[in-house]
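Protein chains in written order, with my numbering: chain A, 2 to 758; chain B, -7 to 132; chain C, 37 to 161.
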Amino acid sequence: MGEYGAKDARWISMAGMTPVILTGALFVYFCGMVPTIASGGIIRHSIPWIPSLDIALSFYIDGLSLMFSLLITGIGALVMLYSARYLAGHPQFARFALYLFSFMLSMLGLVLADNVLALFVFWELTTFTSYLLIGFSHADPKSRRNALQALLLTAAGGLALLAGFILLGFATGTYELSEINAAGSLASNPLYGPILVLVLLGAFTKSAQVPFHFWLPNAMAAPTPVSAYLHSATMVKGGIYLLARMHPSLSGTDAWIWTLTIFGGVTAVFASLMALRQTDLKQTLAYTTLMALGTLTMFLAGSSGYAITGAMAFLFVHSLYKAALFLSVGIIDHATGTREAGVLGGLAGAMPVTAAAAGLAALSMAGIPPFLGFIAKEVAYSGAVGASLWGFVVLAALAANALMFAVAGIVAFKPFFGPQGKLPHAPHEGPWPMLAGPVILGVLGLAFGILHGLAASWVIEPATNAVLGFTDSGGRVKLWAGFNLALGLSVVTFILGAILYLRHQALRDRLAAIEARGPDFDAGWDRLMAWLVVVAEWQTRLIQTGVLRQYLFATFAVTAVALALPLFWLGALQLDLAMPSVTLREGVVAALIIAGALLAATTGSRITGIAALGVVGIGVALIFIIYGAPDVAITQLLVEMLIVVLIAIAALRMPYLDPTDKGPAFRPRDAALGGVLGVLVALVMLMVTAGPIDRRLTDFFEAASWTEAFGRNIVNVILVDFRTLDTFGEIAVVIVAALGAFALLRSARRDKGEERE
Amino acid sequence: MNSIIVTAGARILVALLLVFSVFMLLRGHNLPGGGFIGGLLGATAFIVYAIACGTAEARKALRVSPEGLAMVGLGVALVAGLISALTGDPFFTGQWYWVGGDSYETAAFSINSVLVFDVGVYMVVFGGILSLILMLEEEL
Amino acid sequence: MEIVVSILIGLLFATAVYLMLARNFLRFLFGLILLSNAANLVIFAAGRMTEGAPALIPYGALTPDGEIANALPQALVLTAIVIGFGLFAFALVLAFQAYRSLGTLDSDEMRVAEPREEIAGEARE
């Protein structure tokens, strides 16, 4: 990324500034809703979308949606400002800005949607925009692969989620989240099990819980602002949002508690260890994000006020400091050309603002008082102590928090104050549009820590109430909660964290050795993809033979089976055959058609074939004449004539039907299929013509043709008056056929012309 | 084909067929005929001419390009449908204006959107089919 | 007569399918013409057949005089014939272009899009 965003690059552009302004305006708009929501209000807005399927584009804003909306738009505006400078001069910056803005809107839709199906659509939209953003450096194969991995994994989870939502609709009779949650717990519903599994699959893939975690570190192939925004502050929290959103209806059961606790806890501890093991600062941060997602999942397992308040406070503060840290790492990368923890050091002198911003964020992350991070940790510990599986939860939280303390030192202390290695560039301070984000977010972490009452009553408590489904007593967010177990755990955390930080070099080597022996998820994924390709090839070769006759044979055979099944198996066959009385005239026409058809099928000569087809066509026209359809008959005769002209022009310039001149070989298999299909169609037609007929439409046309449409030729009146729109479509088809032929012929002429040159 | 008889006869035949095609178009609302049949007949007339005198001559005699004629025809048909918007009726509702009276019994003749639509059909079928065949004749 | 026409339709279907399954693309086109004739007859016969009474309202009358042919299927068939012709013309052009660029009318040999050698090997690389 170092080659873009040079000092003199113009960074104020239409593409760069429009999203910033729009997103900022949205942020202000959502800020205006804070008083309403904080006082317990709810804002809804509904637009009918597919009324016949009962799908409405309904939006529902409560404390949880609002907290997410504020984070999405607030951090979004800062990240967009940052990326305008970060990617200034990049030839595809406009595209990037569009992707990022589309993502912002999708994410906003996701957290505001009330209808689960609308939520699903937005969910998938965030997946797609995320795919585009991860793969933004599309010239790099690794970037493409990682983007595809994220897409496949989260989209697969999305499909499971869709299935879960549909089951949810069956179980509750509504697709509106507000109504589903108002109906209370689904635990006694027989569909609860499948719904839980499917929804959790969606949430776990999106929020990268072990064993679906590996896409998230790989997603760091995206430009740094994307990592800060999507893969830390917003999108990956989509799964957490879903868990929180569905909390009132799905939580409280053993299955919920155990699954979330174990998956979340394992993810948290695993990710913390992996974070220590990384040397790339961005990868380190990626794993701490994973750790945060695990912790959040673990706390959402509970239903106590402390657990949920802790989760919400942690979610809020994590978005603030993690975005700030990612953005700071981006500045460091930008300024020095490297993100390696080993060489970075002593940058505080050259980059004082960055150092201060990263420092503030890191202090919040490490949970030092009076930062909001400290408060969130305290509340969470209180929640952990009261959890059902408290031993496991406390240990996991303790390990995760201690490791986070160490990581905070690695990413925000050592690069600025530690020993300096050999840097690719001489460091320099970042430009202000890039500094704005980390500084504001870092300061907010401190400000909200001191003014924690505001943070609690504006954002955290309304969100907690929304997750719990009832109004909680509140008052848990305090800087000083007295000498309690949580404070004690905090002290232990600091001591453990400090030890881990001091010994992290040695630990890293140890962890690297362990990792080398452990399962490699990424390699497993590659094997899975390779296997998928092999299966796809196998089944393609099986079905797609590339031979037209085989495709047609399969189509006709399936048609025959579809006709035969209801006739014979389901017993629909009813025949009442009276010996038809055939007049001489009819007999002649029938004989003409039979002779023509058989001759056309068996002849080896083009001229004979054309003549035989003409005989059939004229026979059919005769039927139309005899049975009162002069218009149709005239049309048929004219078209027959034109077909002969066409064939005379074209077919005679093509080779003989059978170049061997031995006459056509009889194909028994094809003849058998044709015979079977012919008999079936004849049977169906015999039944149709023997059955009753609904003449209501015809009666109407006959009665209204003259009295209402002033035409005596009913066929023509149908064409140009009663069913005009159909006719309009049909003449459009004639034009399309002519244009298609035109394009085919002209493109061939152009090709020939090029060859000549 | 360089037969003088064919060439000379084709001119007369074309004229007759064209007149007949318009006749079929106009009478179509009350008797067998209409835009489809008229258009096919009109196309046939020029195809006869093209066979007798060559496609270049036929195109010259037609003056406008058949593809263009078809496109304009589609536009005419669409306009016939849009007329109903002026009176607030649904799309493609037939509109009738009586000249010399106030109903079909007293009026001398009528101006109506239905015939306009049929003329559109005529032009589309005429132009579309003719362009297909002329193109094939020229390109192959 | 419906019985006779039903059997004729069956025959037309049978011969059309047989022709369409041939290797030569021109035969396939012949089959297509037969198939479209058969389909038109299906629509026509499904509306029942009334002999010698076109769907016209006599001059001076407000409604048809006695039983007349069913006008609805006729209108459907009329447009179907014209469209069928358009389809046929397009298919013919397609066939001719295929012949001109591939040098064959054998549909088994037309394998530009799906070559006989397995493309699998390339895909894996």
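Cβ atoms here follow ideal geometry from the backbone N, Cα and C, with glycine treated the same way.
| Query | Result |
| --- | --- |
| Collapsed DSSP secondary structure at Pro20 of chain A in the structure displayed | helix |
| Beta carbon proximity, Tyr96 of chain B to chain A, threshold 7 Å | yes |
| Minimum C-alpha distance to Leu297 of chain A - residue among A:Thr262, A:Leu326 and A:Ser273 | A:Thr262 |
| Where the region 86 to 109 of chain C meets chain B: residues whose CB sits under 9 Å from a CB there | Pro90, Leu92, Ile93 and Tyr95 |
| Neighbourhood of Thr465 of chain A by C-beta, 6 Å cutoff - its chain only, sequence neighbours within 5 removed | Ile309, Thr310, Met313 and Asp473 |
| Contact set between Gln284 of chain A and chain C, taken where Cβ atoms lie within less than 9 Å | Chain C residues near Gln284 of chain A: none, gap ~30 Å exceeds 9 Å. |
| Cβ contact (3+ pairs, closer than 8 Å) linking the region 677 to 688 of chain A and the region 46 to 54 of chain C | yes |
| Reduced DSSP category for Ala358 of chain A - H, G, I as helix; E, B as strand; rest coil | helix |
| For Tyr114 of chain B and Leu17 of chain B, believed in contact at Cβ under 8 Å, the rounded distance | 5 Å |
| Val91 of chain B (DSSP reduced to helix, strand or coil) | strand |
| Identity of the residue in B:Val108, B:Asn22, B:Ala7 and B:Ile(-4) nearest Pro631 of chain A by Cα | B:Asn22 |
| Cross-strand partners of Phe101 of chain B (DSSP beta bridge) | B:Val91 |
| Top-ranked residue by Cα proximity to Val267 of chain A, from A:Phe393, A:Leu549 and A:Gly620 | A:Phe393 |
| Segment limits, alpha helix (DSSP H) that includes Pro36 of chain A | Val35 to Ala39 |
| Alpha-carbon to alpha-carbon, Ala99 of chain B and Leu698 of chain A | 30 Å |
| Beta-carbon proximity check, Phe94 of chain A vs Leu101 of chain A, cutoff 7 Å | no |
| Counted within 10 angstroms of its Cβ, other Cβ atoms place Thr708 of chain A as buried (16 or more) or exposed | exposed |
| Inter-stretch contact at 8 Å, needing at least 3 Cβ pairs: the region 0 to 15 of chain B / the region 708 to 717 of chain A | no |
| For Phe84 of chain B, the three-state DSSP class (helix, strand or coil) | coil |
| Glu758 of chain A burial status per 10 Å Cβ neighbour count (16 or more: buried) | Below a pLDDT of 50, predicted positions are generally treated as unreliable, and Glu758 of chain A, at 41, falls in that range; no measurement from the model is reported. |
| Touching by the beta-carbon criterion (3+ pairs, under 8 Å), the region 180 to 197 of chain A and the region 222 to 236 of chain A | no |
| Span of the alpha helix (DSSP H) around Leu643 of chain A | Pro631 to Ala651 |
| Below-7 Å beta-carbon distance, Asn714 of chain A vs any chain C residue | yes |
| Short CB-CB distance (under 7 Å) between Phe31 of chain A and chain B | no |
| Interface residues of chain A facing Phe117 of chain C [CB-CB closer than 8 Å] | Reading off the sequence shown, one finds Ile at residue 117 of chain C, where the question assumed Phe. In chain order: Val633, Thr636, Gln637 and Val640. |
| Min CB distance Thr699 of chain A to chain B below 7 Å | no |
| 7 Å Cβ cut-off: residues of chain B touching Val113 of chain C | Correct list: empty, because the minimum Cβ distance to chain B is about 11 Å. |
| Extent of the continuous alpha helix (DSSP H) run through Trp216 of chain A | Trp216 to Asn219 |
| Option nearest Met688 of chain A by Cα separation, candidates A:Ile241, A:Val21 and A:Pro567 | A:Pro567 |
| Ser748 of chain A, buried or exposed, once every other Cβ within 10 Å from all chains shown has been counted against 16 | exposed |
| Check whether Phe123 of chain A and Ala114 of chain A have beta carbons under 7 Å apart | yes |
| C-beta neighbour in chain A for Ala82 of chain C, strict 7 Å | yes |
| Closest by C-alpha distance to Leu108 of chain C, when choosing among A:Gly419, A:Val237 and A:Asp722 | A:Asp722 |
| Val(-2) of chain B versus Ala558 of chain A: straight-line alpha-carbon distance, rounded | 50 Å |
| Same chain only: Cβ atoms within 8 Å of Tyr135 of chain C, ignoring 5 sequence neighbours per side | Phe61 and Leu141 |
| Residue-chain proximity (Met127 of chain B, chain A), Cβ-Cβ < 7 Å | yes |
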